[in-house]
Amino acid sequence: MLGTGILKGLLVTAKNFTGSYHDPKRMVTVEYPEQKTVLPENYRNFPFLVSESADDPMGTLRCVACQICEKECPPQCIIIEKSKDKKPDAAGKQQFYPAIFSIDTSVCMSCQICVEVCPFDSIKMDKVFEIAATDRFQDLLLTRDRLAKSNSYYHQIHPEEAAEVDGRLAAERKIAEEKAKAAAAAKAAAAKPAASVNPASAPAAPAPKTPPPAA
Amino acid sequence: MSAVPFLERAPIELRDWFVQLLPGPLQWLTHHLITVVAILAVFGLFFAFTTVAERKLLGRLQNRLGPNRAGVPKFSILPWHLRHKLWGLTQPFADAVKALTKEDIVPTAADKVLHFLAPVIIVGFSLMGFAVLPFGRLLIPVELDAALLYFFAAGAATELAIFMAGWSSHNKYSLLAAMRALAQLISYELPLILSVVPIILVTGTLSTSAIVHAQGFWTFGLLPHWFVFTPWGAAGFVIFLVAALAESNRSPFDLPEAESELIAGHLTEYSGFKYALFFMAEYFGLTALSGLGVTLFLGGWQAPCAFLEFIPSYLWFMGKLVGMIMFFIWVRGTLLRLRIDQLTRLSWKFLVPLALLNLGNAAFWVLSAHWAGPLQLVRWAVSLAVIVIPFVVMGRSITTGYGPRSYRYAP
Amino acid sequence: MSCSDQTGLDAELLAFGRQSGPTVRAVHDQFHGDLLEVSMGPQHPSTHGVFRMVATLDGEQIVKLKPVFGYLHRNHEKIAENTTYLGSMPYTDRLDYLCSMTTNWAYALAVEKLSGQAVPDRAQYLRIIMGELTRLVNHSCLVGFLFNDLGTSFTPLLYAFREREKILDLFESLSGSRMMCNYQRFGGCRVDPSPAWLAAARALVDNFPRFLDEYERMLTGNEIMLARTQGVGRLDPAHAVNAGLTGPVLRASGVDYDIRKVDGYGFYPRFDFRVPLGAHGDTYDRYMMRILEMRESVKILQQAFKDLPAGPIMDPKAKIRGFRPKPGEAYGRIEGPKGELGFYLISDGSPNPYRYRVRPPSLINLTLLEEMCLGHTIADSVVILGSIDIVLGEVDR
Amino acid sequence: METIEQIRDRLVARFPAARVELVTNPGPAAEHSLLLDAAHAHDLAVFLRDDPALRLDYCSNVTGVDWPDKEITDVTKTTVPDPAGGQPKIVEQKTTRLQPGCLEVVYHLYSMALKHGPVIIRLRTANRSDQVTLPSLTPVWRACDFQEREVYDLYGIVFSRHPDLRRILMWDEFKDHPMRKDYVEPDDYEWEPTAHGAVAEKHKAHLPPPAATPEAKP
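Chains as they are written, first to last, in my numbering: chain A, 1402 to 1616; chain B, 118 to 528; chain C, 378 to 774; chain D, 305 to 522.
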């Protein structure tokens, strides 16, 4: 009979109308400035540089200016200039650091390929999205000082991911130390027989080399 | 005058008290001037809050809140400045300010005079319809004997204004839309008037207040004698609703400003205050038509039951008016738009024949008024049959070839 | 816009090309009064982006309709020739920006075919889950936009968006971005969904049919909908096949061709699902195809969630950097929500592809737009365009 | 479906005058293709579409490929017997020859009726400069309509007897063909505030000496 389809349609919208007063699933509005939706943990916006300590973020950058991310970035929006001198990093080894590291956020499309290819876990994705800028040019070129943020900040925005990264770094550092200790021990053992050529047999064979570090 | 309860008489008493303060010759003028100002004030506010009610109701239909951001002005007269945004009720005033301050662009190729006159005419004529609507037992602006004739005469001029707007904008889209609007309005003028004629036939008068008085009785104090509760009245009301939707260019028939095809139809070249005037005229037209619908079919200011008489009559009128406008908004939130040829086919091939049949039905109703006892049931049955059977038959003929389909799946 | 003269062509074109459509397209100007040429677009509320239709109208009826593209042309293929294989992956999100996961999958499939890269089981299942979720997103979007073109004031669109947002929230919590997911890699996926994510996805998929029922109850039986879409934009199966139309538009005309069944790529042969076919090939059938396909996708998703295997999500031998496939070429295609989405790659051994070609279903589905719109009114042309489902990012590349 | 070789033999048998060569695809995908000569392309295409065994009624993909002129240095090893009776010495001679480039169109054909996989045919132009016309296959498969227009627009291959050969993506007044390998983009220079890498060079070329270069690197 003509009109039944239309009446059914009207009933559906009426149900939605009454539903919007008591059924939270139907009322989807989030009044933005007052209420904010919780961002999921994996959310990514523009990248930022991880630095070891919070008090001197610029000084203790984890980045060693290897420029892999500059090459791999699809829209070529990362600008890196390696420093001339070296600086001790967290493990005490002398490493370069980026004298200039800026990301042109008007070009960056937050695709996080730089995070994937970075071998030193020194660049991660940030979660700040309220970054309106007045000057179209210089404000959108995030220089090193605006990019550097502390590891504790990283733990704050990506808790699980940060924990897993720190665990991996700590493990690598432990293996590196063991290898260094083993190498030092082996060098010391090799040096001793050469130094004192006493007829007694060389002291017990140097400590068995620790198993090669897990790949 | 005194038998009527105080609230009922209050507006009239106020006006008379004020009028006799003035010297003689001015009295007649201020008497009518106050009525005009009262109508403009009441229905101006009614228009304002209809727009925000529409947006909030549509919002709720679509699982979202309507507008609730327009703030309360700093220097508000309220005792303290409200942090609360009053659920968006200040939105219409914000819209009004925006409409006034927006730049009013007139295209160079436009016919300036016509372009300026179109909104003036459309608002003027759509307001004239309010003169004959009985808002309350005593609140009737003009007691016209040929009130309905006057109402439809005033309403017909809006088509002229729409075509003036379309033509004078000198724009391909608005010309196409103006022609569409004309086709639609003319083809729906007929069912609108034909759905009203049975009432004139039954009540025998054209005056709206007499029609409302004719619906004044209640059987057993509970069942009102509104015309909508008679078979021919119900059919007439349905046809009236469909035609009123088309006359005021609302939802299933909002072809003239069909955004998806012709941007804003004949309003493309209007901006600023003129666009707001068109917008206001559309709402005034809608309110006038639903006011007429309430007066003719839903018993105007009559209370639904005898014992509810103590509530002032104009509140009943306003309640029914708000109910009808809510129905229009609800329809706007649900239905799709008809194509121009389907729209006119629906009017000429479906509504007009039904309305004519309804005329015959009302005539039978009048002639069989004196049938006694069990014959009343026969009378009702015949009257119902006369309208329902053609509705079903013609409904099936108009939807030949359309129907739900079943689908096969790949082997 | 010179109207092509017919005389010079041989019979084949006339047999297939210009003869179809409700009325023979014979432009007899002399006694039809002057024709009105209306250009709809590129800024037009209902052309789904920057797409222009130059329609020649005889009163309300369309006599000639020439689509104009290129307003969003970024030469994605030239950019791809200057970046590495991995570097093009985020750009594939920007092709069909409504279904980034399926475009990623098509590109990953093509590169894996080019380099002979294996993909672990769990990754295949995840790709099917993401692909079918994207199909739900795309089809609900399309149906919402179609009703907007038909003239409802946003109500069906907002119901569709309410469901779409729930799925996009899942994508955001998994890949980091709602629409630009950049989730697939050559040899697997990038992120392993957590059990909480899988539970949320399963709950969403289980009550998705409730949304479809509400939609069907509200609109499928609606008389105005039947009047506006049935018999509008009829498409003849033979012309559709010859014009290379694919996806729901083709199946609405009754041609049984679904690449998930034909090629059986990924693990689709393991899933039992049906392919709906239309009978009339008009706008109503195209709308119903999407609704029925959404129901089939829900079935696939439920099966996928049930037997999602454990294991690695990335082939251990897959290399992120320094990926150099051996010289050769490959054409990988998938059944995207809009039709057959293909990537044709020619490699010369260097890290950048020598030739990178995207087969855009949206562009090719527009081939017969003129034949479908002839004889209909301008209001119908908008509805027909809406039912073909084009996204300008993919049309113009 | 028959293998690509069987199809080639049937084509050659059916059209003795046509030259049909097999182009092997070295990659693991092993999708070999048939190179058809331009003159008979139309008839071969109609045969491929109408042959009851093949029924390739669906042309899925039309791609333009640009093969620029290539310097091929092939190293020939010749064994020169050592006059002093020692073991023969291997002398390598490098001969460089110029392989003329061409513009190529690749068609991926499928059958929707019999649901079998791609048969790939290629058409090559004589050279890259003046003889760049190929027969259009739009009369055979309407699917090639827009894709051939795109190949014409981006590669410059003129398709003869195409119903409506106009530019599809670039604007009509655009002169060059952007997807060719030797395409030089117009030097419509815009001031780049944060220019780096290749853009920085173009930046320097345009601006007066360094005094005015904006401090791109803070």
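All C-beta atoms in this analysis are idealised placements derived from N, C-alpha and C, irrespective of residue type, glycine included.
Distances from the CA of Leu413/D to each of Val618/C, Ser571/C, Tyr484/C, Arg611/C were compared; the closest alpha carbon is that of Val618/C. Taken in chain order, the members of the segment 551-575 of chain C whose beta-carbon sits within less than 8 Å of a beta-carbon on chain A are Leu551, Ser552, Gly553, Ser554, Met557, Asn559, Arg567, Val568. For Arg522/B, no chain A residue has a C-beta closer than 8 Å to its own C-beta; the minimum C-beta separation is roughly 14 Å. When DSSP assignments are scanned along the segment 425-464 of chain C, the uninterrupted stretches of beta strand (DSSP E) that are 3 or more residues long and fall wholly within it turn out to be 429-435, 438-445. Collapsing the DSSP output to three states places Cys558/C in coil. Contact with chain B is absent for Ile1480/A, since none of that chain's Cβ atoms lies less than 9 Å from the residue's Cβ. Listed along the chain, the chain A residues whose CB falls inside 8 Å of the CB of His500/D are Gln1477, Ile1480, Asp1505. The beta carbon of Phe319/D lies closer than 7 Å to those of His344, Asp347, Leu348 in the same chain, with the five residues before and after it left out. Two segments are said to touch when three or more pairs of C-beta atoms, one from each, lie closer than 8 Å; by this definition the segment 464-475 of chain C does not touch the segment 665-682 of chain C. Taking C-beta separations shorter than 8 Å and ignoring five residues to either side along the sequence, the partners of Gln1477/A in its chain run Glu1471, Val1508, following chain order. Chain D has no Cβ within less than 9 Å of the Cβ of Leu1548/A.
DSSP links Leu494/B through a beta bridge to no other residue.
Residues of the segment 285-311 of chain B whose Cβ lies closer than 7 Å to any Cβ of chain C, in chain order: Lys289. Its chain contains Met305, Tyr414 as the residues whose beta carbon lies nearer than 8 Å to that of Gly421/D, once the 5 sequence neighbours on both sides are disregarded; these appear in chain order. Boundaries of the alpha helix (DSSP H) around Pro572/C: 572-583.
Rounded to the nearest whole angstrom, the C-alpha separation of Lys202/B and Arg181/B is 17 Å. The beta carbon of Ser465/C sits closer than 9 Å to some beta carbon of chain A. In terms of beta-carbon proximity, Phe446/C lines the interface with chain D, with at least one pair separated by less than 9 Å. Proximity of Phe720/C to chain B, defined by a Cβ-Cβ separation below 9 Å, is not satisfied. Taken through DSSP and simplified to helix, strand or coil, Tyr400/B comes out as helix. For Leu669/C, the secondary structure class from DSSP, reduced to helix, strand or coil, is helix. In the pairwise beta carbon analysis, the segment 576-590 of chain C is classified as not touching the segment 699-717 of chain C: fewer than three pairs are separated by under 8 Å.
Residue-level contact check: Tyr484/C does not touch chain A, since none of the beta carbons of chain A fall below 9 Å from its beta carbon. For Leu407/D, the uninterrupted beta strand (DSSP E) segment begins and ends at 406-415.
Under a criterion of Cβ atoms nearer than 7 Å, the residues of chain A adjacent to Val509/B are, in order, Met1402.
Counting C-beta pairs with one atom in each stretch, the segment 488-501 of chain C and the segment 559-569 of chain C have three or more that are closer than 8 Å, which means they touch.
Judged by their CB atoms, Met483/D and Tyr459/D are nearer to each other than the 9 Å cut-off. DSSP places Phe233/B inside the alpha helix (DSSP H), whose first and last residues are 229-245. Think of a sphere of 8 Å around the beta carbon of Thr451/B: the chain C residues whose beta carbon falls inside it are Thr529, Thr532, Met595, in chain order.
Taking Phe1502/A as the centre and dropping the five residues before and after it, the same chain places the C-beta of Ile1481, Arg1545 closer than 6 Å to its C-beta, in chain order.
In the structure shown, the three-state DSSP call for Gln1468/A is coil.
Contact between Trp482/B and Thr320/B does not hold, since the beta-carbon distance rounds to 12 Å and is not under 8 Å.
Along the segment 474-506 of chain D, the positions whose C-beta sits under 7 Å from a C-beta of chain A are Pro497, Thr498, His500, Gly501, read in chain order. If you ignore the 5 residues before and after Ile461/D, its C-beta comes within less than 7 Å of the C-beta of Gly368, Leu407, Val409, Thr429, Val436, Leu438, Val455, all in its own chain and listed in chain order.
DSSP, reduced to helix, strand and coil, places Thr469/C within a helical segment of the structure shown.
Judged by their CB atoms, Thr461/B and Gln301/B are nearer to each other than the 9 Å cut-off.
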